[in-house]
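Colleague: Quick note, the sequences are listed as chains A and B, same order. With the numbering used here applied, the first sequence covers 237 to 597. With the numbering used here applied, the second sequence covers 36 to 385. Ideal placement from N, C-alpha and C gives every residue a C-beta, glycine not left out. As the structure is a prediction and not an experimental result, all values here were calculated from the model. Let me give you the structure first, and then I'll get to my questions.
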Amino acid sequence: MLRHITKPALSVGRAAVSTAAAPRTKYGGKTTVTLIPGDGVGPELAESVTTIFKEMAVPVEFEMIDLNREQLKDEGAFDYAIKSLKRNGVGLKGVINRSADFRHHNVEFRGNLDVYANVVRCMSFEGIKTHHTGIDLIAIRENTEGEYSCLEHESVPGVVESLKIITREKSMRIAKFAFDYAREHNRKKVTCIHKANIMKQSDGLFKACCKEVSEDYPMIKYEEQIVDNTCQQLVINPQQFDVMVMPNLYGNLVSNLAAGLVGGAGVVPSKSYGENIAVFEPGARHTWMEMKGMYVANPSAMVLSGAFMLKHLQLHEAGDVLIKAVNNVINKRSCLTIDLGGNASTHDMTNTILSEVDALS
Amino acid sequence: MFLGRAALRSSTRALHTVTLFPGDGIGPQISESVKNIFAAAEVPIQWEERQVYPILEPNGKTRIPEDAVESIFKNKIGLKGPMRTAIGKGHVSLNLTIRRTFGLYANVRPAKSVPGVITPYSAEGVDCVIMRENTEGEYSGIEHTVVPGVVQSVKLITREASRNVAEYAFQYAKDHGRKNIVALHKANIMKMSDGMFLEQCREVAAKYPEISYKEMYLDSACLKIVSDPSKFDVMVMPNLYGDIFSDLTAGLIGGLGLAPSGNMGKDGIAIYEAVHGTADDLVEQNKGNPTALLMSALMMLRHMGLKTHADKIEGAVLETLKERKFVTGDIGGTATNPEYAAEICRKIKG
C-alpha cells in the first residue's frame, strides 16, 4: 500500500526548504561557517578557498574542523563537527575517507544533520574539451536513506544481507524539493530515475511519490526513466536531461557520470540542503588520496562550492564575482591543472582565480 | 560446479543443435535475420525453436514452459531474443526467471567500438568487457513493507555467487588474452556485502598472477569511463552495478541495438542474448536492428569453437555497418531489418 489514507497537505506556494536562506547571525559583521577539509587533497582545496576569501576580504569566518581519519579515532571530534554545523547552519566540506574500523562518517554526517537534498548542476564549459557539449542538467539526489542505510548483517556465514530503505516521507520530501527547485530556477522538466521494474516496492514507492508530487506542478513536465537506460542516454544524448530526481545510489552514480561528462571532479560544485542547514562541497566526492600533499588538484569545484555558499549567505556580489572568475579562468583556459590537460598546481589555479577576480572588480 | 569454456564437438561437419528463443516484439523478426545470415554462411547449426512465456504456479512462483527448459538442458547452448518485462505487475521478470532456471550466474557484456557507427567515443575506441554477477545482489526480489510508507529491499551477496563470477571473469580474461581486471564496488558504503564480493575477487586474483587486478569505486568508474573509456579492460561487479554499467558501456559504442551478451550457467550451459527491449513500435514495419542478437550469436559461435564462421559473418557485418548504405534507423539509416540482413548475406556469399 503506497498511499496514506489522507494525502499530506503540500503547499505548492511555499518551498519545502528554502534554498535561499535568511542571513545567519553575525558577530562583528562576520558570519561563521564550518569548514571541514577532509582527507586526501581536501586540505589543499580548502586552503585555496580560505586564501581566496581572505584576499577578497569576504566577511566570513571559518570554524575549521580538521576531521581526517586520524581525528576520527577520537569520537568527540566527529560529534564536535556535527555540533558546529548545527550551530552555524552552513558548512563547506571535503570528503572524509572511510576507515575500515569506524562508522561511515560521511553518511552519518548527512543522516545526523538530515542534509537530505544534494544538488549537482553539471553544465558544459566552453573551455574544456569533452565528448559532449551543451549539457545543463541538475541531479537532485535523496541523500539520507536508500542503499546508504548502512544496515548490513551476515545472516549465516557467507551470506550477507544489505538493506535498502525507502520511505514515503523522504521520497515525498525530495520530490517536493526537486519540483520546487525546478520552479525556482525556471527549469522545464523533472525526470524521476528509478529501477522499479526490478525493485517494485522500494523504487516503486519512490516513483509513486514523485508522480504524486508532480501533479501539484502542472507547469513542469514530468517523466520517469529506468536508471540503466539513463546511464546509456547520458553518454549518447545528455542534452535531453533537465532536472533529475533520484534515490541515493543512483544519485551518486548519475552525478559522477554527469560530472565526468562536463569536465570531472575538479570543476563541478554541489549544494546540499536540510531543514535548517546547507552544506557546500564538490559534486563528485573523491579524496584522490594518491595525490595528497602534491598540490596538483584543481580547486575550482571547491571554490565554486564556496562561491555558492557566499550566495546562500546573501553575499551575492562576492559570490557572483567569484563564480564568474572561476568560469572565466576555465573557459579562457588561463590555467590548466592536470585534470584540464596541463600541469599547473593548485596554487597556480588559486592565483589565477584571484587575478581574474581583481580584473572583474 | 561450472565448466570453463566448453570445448564442444570440434568437427565443423557435424550439425550442432542450438536452442532459439525468438522472444517478443521484434524478437521473432530479428531471429529470422540471424537464421538467414547463418544459413548464408553455412554455419553447421540447426535451430530448435521454443516459445518462452511466464507460467504462474499455484505456489506463487513463476516458471517457463517445460519444453523450453528441456531444450536448453539437452543442447546446453541457446540464443535468446528480447522478452517483455512488465513494470509493477505481480509477477517476477521473465528474464530473471530464465536466469534462475538455468543457474545463469555470470553475464558477459563486451563493448567494442564498431567501425561505421560513430559515437563521441569512437576516436579513442572502446574495448572493454563487463562481467556481471547475475543471480543475486539487488535483484533478489526480496522486498517488504515494514510499516505503511516504509519499504525494505534486501540486497543479498553470497560468498559462493561472488566466487563463481570472479572465477569466470579471471578465466575469461586468461582465455581471451585480456590483461587487466578491475572490480567495481561501493564497499565504502556497503562494507559487508560489497566487501565480501571484493574478498572473493582478491582470492581468485591471487591464482592468476599474470592478470593485473585492481579495485575501483563504482562512482569513480562512472566519472572516469566517460572521460577516457580506452583505459578500461575487463570489469567484474555485482548484479545491479553490472546492469547499470553495461548499459553505460553500450551507450559508449552506439547503444543497446549493437551490444551483445552471454550468460554462463552451470554444467556448461551458455545462453546468448540481445539485451535491448522488445521495441514494439518497430514491429509493424520490421525495422528492428538485429545486430545485437547477431553479435551475441557470434559470441556463441566462438564459444562453440566455430571461430571461422564467426569471423566470416563478423567481417560482413562490420563492412555493412561501415558502408552505411543498408543500416537500420537506430544508427541513422533507413533500411528495414530484412534489407540489412540481406546485405550481410550478399557480402558473405561474396
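#1: Among K115(B), I133(B), G151(B), which residue has its Cα nearest to the Cα of E358(B)?
#2: Please work out which residues of its chain come closer than 8 Å, Cβ to Cβ, to G510(A), disregarding the five sequence neighbours upstream and downstream, and give them in chain order.
#3: Between M538(A) and chain B, is any beta-carbon pair separated by less than 9 Å?
#4: Spell out the partners DSSP gives E167(B) in its beta bridges.
#5: Between I279(B) and chain A, is any beta-carbon pair separated by less than 9 Å?
#6: When you compare the CB positions of Q86(B) and P325(B), do they come within less than 9 Å of one another, or not?
#7: Suppose you measure from the CA of Y156(B) to the CA of V217(B); what does that come to, to the nearest Å?
#8: Which whole-angstrom value is the C-beta distance of I456(A) and R419(A), which I expect to be below 8 Å?
#9: Taking 9 Å as the CB-CB cut-off, is K249(B) touching chain A?
#10: Quick one: grab the DSSP three-state call for V571(A).
#11: Three or more beta-carbon pairs under 8 Å between the segment 158 to 173 of chain B and the segment 139 to 146 of chain B, yes or no?
#12: Alpha carbon to alpha carbon, how far is C380(B) from A370(B)?
#13: Per DSSP, L191(B) is paired with what?
#14: For M359(A), which residues of its own chain have a beta-carbon under 7 Å away from its beta-carbon, when the five flanking residues on both sides are left out?
#15: DSSP three-state call for F338(A): helix, strand or coil?
#16: Apart from the five residues just before and just after T523(A), which ones in its own chain have a Cβ nearer than 6 Å to its Cβ?
#17: Tell me which residues of the segment 281 to 302 of chain B have at least one Cβ-Cβ distance to chain A shorter than 9 Å, keeping chain order.
#18: Among residues of its own chain, excluding the 5 on either side of F37(B), which ones have a beta-carbon nearer than 6 Å to its beta-carbon?
#19: Could you tell me which chain B residues have their CB closer than 8 Å to the CB of T403(A), listed as they occur along the chain?
#20: Output yes if chain B places a C-beta closer than 9 Å to the C-beta of I472(A); else output no.
#21: DSSP three-state label for Q428(B), please.
#22: Give, in chain order, every residue of the segment 340 to 368 of chain A whose Cβ lies closer than 9 Å to some Cβ of chain B.
#23: What does L497(A) touch in chain B if you count any residue whose Cβ is under 7 Å from its own?
#24: In this structure, does DSSP put G510(A) in helix, strand or coil?
#25: If the criterion is Cβ atoms closer than 9 Å, does the pair R213(B) and V239(B) meet it?
#26: Which of the residues in the segment 409 to 443 of chain A, read from start to end, lie with their CB under 7 Å from any CB of chain B?
#27: Which value, in whole angstroms, describes the spacing of the CA atoms of M335(B) and C428(A)?
#28: Would a check of beta-carbon distances place C257(B) closer than 9 Å to chain A?
#29: In the DSSP assignment, what are the bridge partners of G382(A)?
#30: Whole angstroms are fine: how far does the CA of I279(B) sit from the CA of V200(B)?
#31: Could you confirm whether any beta carbon from chain A is found closer than 9 Å to the beta carbon of T120(B)?
#32: Nearest chain A C-beta to M270(B) closer than 9 Å, yes or no?
#33: Just the Cα atoms here: how many angstroms apart are G123(B) and T268(A)?
Modeller: To lay it out plainly:
#1: Closest option to E358(B), Cα to Cα, is G151(B).
#2: So the list reads V253, L349, D350, V351, Y352, A353, once near-sequence residues are dropped.
#3: no
#4: For the record, residue 167(B) in the displayed sequence is Arg; it is not Glu. N142(B), M272(B), per the DSSP bridge assignment.
#5: True, the Cβ-Cβ gap to chain A drops below 9 Å.
#6: no
#7: 21 Å
#8: 6 Å
#9: no
#10: Strictly speaking, residue 571(A) in this sequence is Cys, with Val absent from that position. Coil.
#11: Between the segment 158 to 173 of chain B and the segment 139 to 146 of chain B there are three or more inter-stretch CB-CB distances shorter than 8 Å, so the stretches are counted as touching.
#12: 15 Å
#13: E397(A), G172(B)
#14: Taken in chain order, the residues that qualify are I371, D372, V498.
#15: Residue placement at F338(A) cannot be trusted, given a pLDDT of 49 that sits under 50; what the coordinates show is reported in the next sentence. It is coil, neither helix nor strand.
#16: Contacts found: D275, G276, V331, N333.
#17: S281, D282, L283, T284, A285, G286, L287, G289, G290, L291
#18: Here the model assigns F37(B) a pLDDT of 45, short of 50, so the residue's position is not dependable, and the following value carries that caveat. If we look at F37(B) and ignore the five residues flanking it on each side, its Cβ neighbours are K301.
#19: Those within 8 Å of T403(A) in chain B are G184, V185, V186.
#20: Residue contact check for I472(A) against chain B: a CB pair falls below 9 Å.
#21: Nothing in the structure corresponds to residue 428(B), since chain B is present only between 36 and 385.
#22: Look at the segment 340 to 368 of chain A: the residues with a C-beta under 9 Å from a C-beta of chain B are H340, N342, V343, T366, H367, H368.
#23: V261
#24: coil
#25: no
#26: A432, N433, I434, M435, K436, Q437, S438, G440, L441
#27: 37 Å
#28: C257(B) counts as touching chain A.
#29: I401(A)
#30: C-alpha of V200(B) to C-alpha of I279(B): approximately 17 Å in a straight line.
#31: yes
#32: No, because no Cβ of chain A sits closer than 9 Å to the Cβ of M270(B).
#33: Summary for G123(B): the model assigns pLDDT 49, below 50, so the residue's position carries little reliability; its value from the coordinates is reported in the next sentence. Computed Cα separation, rounded: 49 Å.
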